[in-house]
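> Here this note's numbering is used: the first residue of the sequence shown is 168, the next is one more, and so on. Where is the CB? At the ideal position from N, CA and C, for every residue including glycine.
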Amino acid sequence: MATSTALELFETHAPGNGALAHLTVVAVVTGVIGLVRFTVLRWLLGAAPGERTTVAA
168 MATSTALELF
178 ETHAPGNGAL
188 AHLTVVAVVT
198 GVIGLVRFTV
208 LRWLLGAAPG
218 ERTTVAA
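In structure tokens:
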């Protein structure tokens, strides 16, 4: 749903672009969704057992 909304907004503001522009929009939206999901899950569940969470000085 987010991807189709982004494509519709993209078409309204920059009509007539080719498939590469659409592919770029899809890639960016997919990347943002993945980053948000990763961040939220990491925040809710914390680091995996045994994973370093601090940087050694």
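1) Starting from Gly198, trace the alpha helix (DSSP H) both ways and give me its first and last residue.
2) Grab the span of the alpha helix (DSSP H) containing Ala173 for me, first residue to last.
3) Measure the CB-CB distance between Val192 and Ala169 and report whether it falls below 8 Å.
From the atom records:
1) Ala186 to Leu212
2) Ala169 to His180
3) no
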